[in-house]
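Just so you know, the protein sequences line up as chains A and B, in that order.
Under my numbering, the first residue of the first sequence is numbered 1, with each subsequent residue one higher.
Under my numbering, the first residue of the second sequence is numbered 1, with each subsequent residue one higher.
There are 2 protein chains.
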Amino acid sequence: MAKYKVSLQYAGTRYAGWQIQKNLTTIQGLLKQAVETVSGERTNVVGAGRTDAGVHALEQVAHFRLEKRILPKHLARALNGVLPWDIRVLKLSEVAEQFHAQRDALRKRYEYRIYNGPVLSPFRYGFVYHCLRKLDVAAMQHACRFFEGVHDFSAFTASSSKVENKKRKIFLSRIKKKGHAVSYLVEAQGFLHHMVRNMVGTLLEVGRGRLSADDIHAIFRSHDRRLAGPTAPPQGLYLVKIWY
Amino acid sequence: MAKYKVSLQYAGTRYAGWQIQKNLTTIQGLLKQAVETVSGERTNVVGAGRTDAGVHALEQVAHFRLEKRILPKHLARALNGVLPWDIRVLKLSEVAEQFHAQRDALRKRYEYRIYNGPVLSPFRYGFVYHCLRKLDVAAMQHACRFFEGVHDFSAFTASSSKVENKKRKIFLSRIKKKGHAVSYLVEAQGFLHHMVRNMVGTLLEVGRGRLSADDIHAIFRSHDRRLAGPTAPPQGLYLVKIWY
């Protein structure tokens, strides 16, 4: 028996997200299939976190077990031979039986990429959110700092969310600008469903002048999903890195 | 009557190249259609050069005439509204009646992008040539300088080429390396059909140790297409810039 930790990169465009769902093509589903094809065994794949349909990953982490031990570099190469071009194994290693990709994650970084210029390059299409209206990036930079620390994110998660404790601690929340490219970086141990995209949607409202930085506090206190901004489109979002 | 110069960026993946061809979707064809839709007039579009099926452009230049004068910034915006996402108008201006996108070009730069690492990122797929075998980049850097100057490129053009004078002057021929990314830059006033891809195919043979830098001279002298390397795949090639 051996346990493996795998780092993956994927373009989420063609998939219904990470998590296995009936009759839908998902990244977890394709990875499980690939491991089973390569090993000839049945297995389960556990990911560090779920990414939504259309969301990308520069580095997602998952684990799985196999009865038979396979040399990690051979296994990685074989998986890349079976997986489609938009899902790639970057690293693969054998880990201790105790390792758990989801429960052991200490910190996750997400990035949201916005292109705030008039003409979107064909080479960026599907990989950023194209916002035509000129954003007040300084206001967004000011507002985004209000997310740092411990807050109840009820107003920033899908109203259908069944998670009881909606308190999360945000370690870092920053906006960088380089020419027309605006990028939002956020780090926490974990995030609620749609939480990052709802935070970005709210920051975009700040950038458009429809909300102010001070409104963030009122939205936190309200616990009301309707007061925060709309869910930002998935194609701008990247799971960047997971620390263990 | 007004004449317009337009700068375009496109991802060539979905197209049968620049030039209008019956029953095929081409960039020239879509641009002509877009101009006709927006203006309500019939027109012709003349490009600085043809790019092959699957080849990209960071900046292609073309001209066309219209009876009716339209404000360039309005025309540019309207064209981007009609063109598909993978063809974008970057700049548009009114030019003198004498301007000719092809005949007036003084210098063109092409770039060929190679990824020479084990795992190709999903975010680069279709936008570089993935060469798995480790290339001797120093040998390629040495060999590529042999292309500079005036040479007869008979051995480096499609054997079906009907162009009489196959002499071309190469202003610049360089290879840059950054990590696993290898990029070939070449500049000339004009290129023959498949010429850049055949030059790259030959440099790849040098990188693989199947040809040496000295062979380049012998290939020039032979005028024999079969002695040069195979045509490199289109997805690595970019028309970068045209000087007037």
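Glycine is no exception: its CB is placed at the ideal position from the N, C-alpha and C atoms.
Beta-carbon proximity of residue i to residue j, cut-off 8 Å
i, j, result
"residue 113(A)", "residue 128(A)", "yes"
"residue 232(B)", "residue 197(B)", "yes"
"residue 58(B)", "residue 240(B)", "yes"
"residue 202(B)", "residue 236(B)", "no"
"residue 213(A)", "residue 138(A)", "no"
"residue 36(A)", "residue 67(A)", "no"
"residue 151(B)", "residue 168(B)", "yes"
"residue 190(B)", "residue 136(B)", "no"
"residue 26(B)", "residue 19(B)", "yes"
"residue 125(B)", "residue 86(A)", "yes"
"residue 1(A)", "residue 65(A)", "yes"
Proximity winner among the options, relative to residue i (alpha-carbon distances)
i, options, result
"residue 46(A)", "77(A), 103(A), 142(A), 89(A)", "103(A)"
"residue 88(A)", "60(A), 115(A), 105(A), 131(A)", "60(A)"
"residue 199(B)", "13(B), 140(B), 176(B), 31(B)", "140(B)"
"residue 96(B)", "191(B), 238(B), 224(B), 4(B)", "4(B)"
"residue 63(B)", "55(B), 38(B), 28(B), 84(B)", "28(B)"
"residue 193(A)", "158(A), 150(A), 227(A), 210(A)", "158(A)"
"residue 11(A)", "188(A), 22(A), 84(A)", "84(A)"
"residue 184(A)", "115(A), 211(A), 82(A), 132(A)", "115(A)"
"residue 220(A)", "234(A), 166(A), 242(A)", "166(A)"
"residue 55(A)", "23(B), 123(B), 24(B)", "123(B)"
"residue 179(A)", "134(A), 21(A), 211(A)", "134(A)"
Cα-Cα separation, residue i to residue j
i, j, result
"residue 8(A)", "residue 91(A)", "7 Å"
"residue 117(B)", "residue 73(A)", "15 Å"
"residue 251(A)", "residue 98(A)", "It is not possible to answer for residue 251(A), since the shown part of chain A is limited to 1 through 244."
"residue 16(B)", "residue 80(A)", "29 Å"
"residue 77(A)", "residue 218(B)", "40 Å"
"residue 53(A)", "residue 163(B)", "51 Å"
"residue 43(B)", "residue 181(B)", "41 Å"
"residue 110(A)", "residue 153(A)", "16 Å"
"residue 33(B)", "residue 39(B)", "10 Å"
"residue 30(A)", "residue 69(B)", "54 Å"
"residue 93(A)", "residue 171(B)", "49 Å"
"residue 188(B)", "residue 132(A)", "37 Å"
"residue 130(A)", "residue 222(B)", "52 Å"
"residue 238(B)", "residue 75(A)", "35 Å"
"residue 100(B)", "residue 6(B)", "11 Å"
"residue 177(A)", "residue 146(B)", "42 Å"
"residue 48(A)", "residue 105(A)", "7 Å"
"residue 186(B)", "residue 161(B)", "21 Å"
"residue 204(A)", "residue 227(B)", "58 Å"
Residues that residue i bridges to, as DSSP identifies them
i, result
"residue 217(A)", "None; residue 217(A) has no bridge partner."
"residue 125(B)", "Residue 125(B) is not bridged to any residue."
"residue 223(B)", "The partner list for residue 223(B) (beta bridge, DSSP) is empty, contrary to what the question assumes."
"residue 237(A)", "112(A)"
"residue 4(B)", "64(B), 94(B)"
Heavy atom of the ligand SAH within 7 Å of residue i beta-carbon
i, result
"residue 100(B)", "Ligands are entirely absent from the displayed structure, and the ligand SAH is therefore not among its contents."
For a minimum of 4 consecutive residues, which ranges assigned as the alpha helix (DSSP H) are wholly contained in the segment 159-197 of chain A?
none
At 4 residues or longer, what runs of the alpha helix (DSSP H) sit wholly inside the segment 48-113 of chain B?
Those alpha helix (DSSP H) runs which fall completely within the segment 48-113 of chain B and span 4+ residues are 72-82.
Runs of beta strand (DSSP E) wholly within the segment 132-161 of chain B (minimum 3 residues, chain order):
Every beta strand (DSSP E) of 3 residues or more that sits fully in the segment 132-161 of chain B is shown, in chain order, as 149-152.
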